[in-house]
Structure formats: C-alpha cells, structure tokens
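In the working numbering, the protein residues as written are 2 to 600.
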C-alpha cells in the first residue's frame, strides 16, 4: 500500500521538477522561497501541506518549501533565522536534524545515492517549543536529472512516534507481564507440587505419630490392666487400715497416675492434630461440679484438706456443652490444687453472668481456689506450656508432666472460653475457667450455697457381684494375666466363662456353637491378637449371621478407636484397664438391649 508521502513524491517526480536558478547564498535561497501566503507561482511545492526539499548529491540544500521552513522554524520567524538559516549556512539539507542523528541520516543518504532508489528514516529535530520531535524523511533521486538532484519529503511524525513508543512500551510491559505470569504460574505449580509432597510427608508423620501413640497406649494399658485389676482384687480381700492395704493403695495410686499421663498425652496429640471433637449436649453444671469434687474425695482425705463447693450466684440448671471435657478440666484443676496444697482448703466456686443483650448465651465461671504454695509472676509465665511446670524443683517435689494445664486451656479455647490464673507466692492460687453457656435455662433460686464435700460419700460402685448370674460370656483374650483377671471378675459376678486365645479360635468356636444352638449372652473381644485380630474376627462373625452382643475390649484409647470397633461390627466398646463399674454396666446394658430387641 502506498502511503501519502510516497504518492506525493511520485506525483512530484512525474511532474515537471522545479528548476532552480542557482544554489546561491542562503539569503538568496530564503528570499527565493517566500512564505506560503504568497501566490501559487512563488514555488512549485509551496502550497503543499508537507515539507519538501531538493538537494544535490553532495547534500547541499537547493530548495525547501514553505511547509518545511515552517516546520523547521515553527511560527516564529526569529527562530527560523536562528535555527533554519544556520542549518542552510552549513550547506547540508539534513542540518535541521539533531547532530546525534546525523550519522544515521548520512548512512541513509549514501544508500540512496549508491542505489538510486527511495530511502526513508525517522530522525529527531528540535521543535519550536524547544522539545524534541520526530521527522520522517523520505529521499529519492529525480529521474530527469540522472541522479544529480534528489527530492525529499519531510513529515512531523512526533505524535505517531509517541503513540508507537507507548504501544511498544505497552507491548513490552505485556510481554514482561506475560512472562512474569508464566514464571509465576510455573513457580506456583512447583510450589503446589512441593506443598503436596510436604502434605503427604506431614500426613505420613501424623500417621506414624498416631500409630506410635496408639501402640504406646496399648502396650502400657495392657499390663496396667493386670496391675490395677489384681490390686483392686487384693484390696477387696485386705483391711484397708493395715500396712498391706496402704501398700496396695500406693500401687493403685501410682498406677492411676501413670494412666493419667497416658491419657493426657493422647488428648494433647488429638488436640494438636485437630481430631478432638467436642460434644454439644444438654448438661447440668452443678452436677458436673459435684462429680468432679466427688472424684477428689480420696485425695483430699489423704492430705487432710477441706474441699468445698460454693455457688456464688444463681446458675443455670442446664446448658449446651460437653460435660465430659468440662469435667476433665475441673478434675485437672482440682487435682493440681490438692497436689500443691499441704494444709487449709481447696474451693470450687461456681458463678454465672447473665447476657446483657437478652439472649440465652450467658457466661459460666468455675474458679478453683487453693491455699497452697502459690507462684511468682515468673513462674506463672511458664504455665500452660506442654511438659512445663513452674520450675524444676516443683517437678522433683510434686511430680507431674505439666500437660494437665496445657490441655485444660486448649479445651477451654475449643469451648470458646478461656482459662486464667492469679496467684500470690506463699498464699495460694486461683484458676478461673470461663465458658459461654449457650441455651442456659431454668435458673435456680439459690443465690449462694456452700457444700462441704470432704465427707461426701463416694458414688455407689458395683463390683459386679451376681449381676451376671446364669449368663454365658465368651472372653477372647490372648494375655494370660488378663485372662485370669477377667475370668475372676466374671465368675465373681456369677457368669459362666469360656476363654479362647485369639480371633481365629473364637471364630471357629462360635460358629460351631451357634450351629449347635448354643448361643453365648455376650462376647468380650480383645481387638489386638495374633493369628486373627478382633476386628477381622468380628466382621466374619457378623458376615456369618452371628447377632449376639460383641463388646470390644481393647487397650487402644485413641480418637476414632471406638468408631473403628463399631464399624467392624462390635456392639459397644470398653477400654483397658478395666473400670469395674463401666465394665459390668456395659455388659449388662448390651445384654438387656439385645433381649429387648429380639423379644
């Protein structure tokens, strides 16, 4: 496509070129080409709106039209005299181009002379306003003069160059942005891959940690079942006031302490792995507080302390929360208070702050106050950290892992509450649990009551005597010590006991017995056994149509173990070491539920 400049140049060359009289002086040259306001016959190209010049092969400027002179000088004749005349005085048509671009102009000019074809380029010049502008200059020989004369067309393309420059810059920015985006996408892809690898590693580490804790729990709980179980049996047979009774209570106390450590480690692991799920059921705060204080009766008596439950203000009869975890926090706080108090008393204070906005979301407070050793500010700063106590001397003297308070605060936070402490060294400490009481209702009329629980009777517990009279129980257990203990407890409860050592033997026995019409009332199934474990044995029994109650009896106590047992087909779940009340309560419950279902 021919541009306007090319078309104009072709038209000018095809027409009769202007014949100059002589190169003459600059003054004569300027005088010869007056301003465009003159008549048409002033010059052949003076009426053209585009700059035109003629030059010889040496580059001497022979002619420039009005448009070019105006372009060079702007609207200021004085400027033209200063700049344009100086250009012409140098005798070269390209003198109005900035000196820095002369080399490029000469190269282009030389190519035109040598090839005798049209050449063009863009060069800078100084505009009338002092700014730098751009000119497009196209030069070609005039055919009639056989290369002795050259005609040039000059256009101011400053605006187009600026637009092109901005476009090119935009394109460069776009290319850089696209390259950056591509690079970022590649980095993101690499990061995603690395995160995926890290996630798999973290999951593997979490699984390894869970397996380790589960195995540790199982391996410790299994012998503890025999230790605590036989200790209970011996305590049933001896006078508690004798030296033998004291020794047995010491064994039991330390065994229970070891179990508390295991439970704390498992709880902390579940909390850190976000696998501990809180219940949301209706529970009674006063009952929970009474349960917690009742559990401390023996410890309080051993240390000759007074334990008191105080209701400071009207409290809800019930609210929506997790009674198990609330009880766990209170037991931890009370246990700590008793451990660090050598004389005086420990007090559990209940309070309730009704919502100011009229909703049913109030605030319950449980404050455990003691007259113990107290703490300094520095010691308080070390609380609530895993495996940390106030100082090393505290650990040596009082024992403990420092997990109880850590778990208690994290449980409080999970309940959308908090656990705080105030203390005075040598005077005592107060730990305050604050939790929201959603759905609080039925406020009691009592404004303030004080209940001493030091002499409160322990909850009635059952050792299972006669509760299983006439029942047949199949015990699937591979540990000889635990076999003897469980059989002793069941026989004492009046049950007929059949022992088998692993899941495969249990499967064979039960399938054969049921075919013969001999159905047990309940099966106690250990889940970790050689040959065939309890999970597989239970599944195969259920697949064969066996519908009698199967109670999982396991030393595993990690989160999800109960669900795993139920998914395998177990009716219920009991952990080791054996709590006799829960043990017999669960057995009686599943038998009763089964008989109601089939009756």
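The C-beta atom is built at its ideal place from N, Cα and C for all residues, glycine as well.
Buried or exposed by the 16-neighbour rule on C-beta atoms within 10 Å, applied to residue 333
buried
Cα separation between residue 209 and residue 216?
10 Å
Between the Cα of residue 157 and those of 223, 105, 53, spot the shortest distance and give me the residue it belongs to.
Comparing Cα-Cα distances from residue 157 to each of 223, 105, 53, the minimum goes to 53.
With C-beta atoms as the reference, is residue 330 less than 8 Å away from residue 438?
no
Under the rule that 16 or more other beta-carbon atoms within 10 Å means buried, what is residue 408, buried or exposed?
buried
Going by alpha carbons, who is nearest to residue 152 out of 131, 292, 180, 110?
110
Following the continuous beta strand (DSSP E) through residue 488, name the residue where it begins and the one where it ends.
Premise fails: residue 488 lies in the alpha helix (DSSP H), 481–493, not in any beta strand (DSSP E).
Buried or exposed (CB count within 10 angstroms, at least 16 for buried), residue 192
Result: exposed.
Using a Cβ-Cβ cutoff of less than 8 Å, which residues in the same chain neighbour residue 293 once the five nearest sequence positions on both sides are dropped?
328, 331, 332, 335, 349
First and last residue of the beta strand (DSSP E) that includes residue 135?
133–142
Residues bridged to residue 153 by DSSP?
54, 140
Buried or exposed: residue 526, going by 16 or more other Cβ atoms within 10 Å of its Cβ?
buried
Where the beta strand (DSSP E) containing residue 535 begins and where it ends
From DSSP, residue 535 is part of no beta strand (DSSP E) but of the alpha helix (DSSP H) over 535–544.
Nearest-angstrom beta carbon gap, residue 489 and residue 196 [assumed within contact, 8 Å]:
Actually they are not in contact, since the Cβ atoms of residue 196 and residue 489 sit about 55 Å apart, beyond 8 Å.
Rounded to whole angstroms, how far is the Cβ of residue 552 from the Cβ of residue 587, which I believe are closer than 8 Å?
Approximately 6 Å separates the beta-carbon atoms of residue 552 and residue 587; this is inside 8 Å, confirming the contact.
Helix, strand or coil: how does DSSP classify residue 587 here?
helix
If you follow the beta strand (DSSP E) that residue 280 is part of, which residue opens it and which one closes it?
In the DSSP annotation of this structure, residue 280 is not part of any beta strand (DSSP E), being labelled neither H nor E.
Apart from the five residues just before and just after residue 428, which ones in its own chain have a Cβ nearer than 8 Å to its Cβ?
So the qualifying residues of the chain are 372, 375.
Buried/exposed call for residue 227, threshold 16 Cβ in 10 Å
buried
Should residue 99 and residue 68 be called a contact, given that it needs their Cβ atoms to be closer than 8 Å?
no
Using the three-state DSSP reduction, which class does residue 571 fall into: helix, strand or coil?
If DSSP states are grouped into helix, strand and coil, residue 571 belongs with coil.
Secondary structure of residue 504, DSSP reduced to three states:
Looking at residue 504 - three-state DSSP - the assignment turns out to be helix.
Cα-Cα separation between residue 143 and residue 132, rounded to whole angstroms
33 Å
Looking only at its chain, what residues have a beta carbon closer than 6 Å to the beta carbon of residue 421, apart from the 5 residues adjacent to it on each side?
433
Within a Cβ cutoff of 6 Å, which residues of the same chain sit near residue 384, ignoring the five residues on either side of it in sequence?
406
When the Cα atoms are used, what is the spatial distance from residue 107 to residue 134?
Our two residues, residue 107 and residue 134, have alpha carbons roughly 19 Å apart in a direct line.
What whole-angstrom Cβ distance do residue 260 and residue 225 have, given they're in contact under 8 Å?
6 Å
To the nearest angstrom, how far is the alpha carbon of residue 95 from that of residue 63?
12 Å
Report the CB separation of residue 281 from residue 345 in whole angstroms; it is logged as a contact under 8 Å.
Going by Cβ atoms, the distance from residue 281 to residue 345 rounds to 38 Å, so no, they are not a contact pair.
Does DSSP put residue 478 in a helix, in a strand, or in coil?
coil
Going by C-alpha distance, which of 377, 379, 367, 378 is nearest residue 410?
367
What are the boundary residues of the alpha helix (DSSP H) that residue 330 is part of?
Per DSSP, residue 330 belongs to the alpha helix (DSSP H) from 324–340.
Distance between residue 120 and residue 56 (C-alpha atoms, nearest Å):
14 Å
Using three-state DSSP, classify residue 385 as helix, strand or coil.
coil
In three-state DSSP terms, what is residue 602?
Outside the shown range of the chain (2 to 600) lies residue 602, about which nothing can therefore be said.
Given a threshold of 16 other Cβ atoms within 10 Å of its Cβ, counted over all protein chains shown, does residue 424 qualify as buried or as exposed?
Buried, since its Cβ has 16 or more Cβ neighbours within 10 Å.
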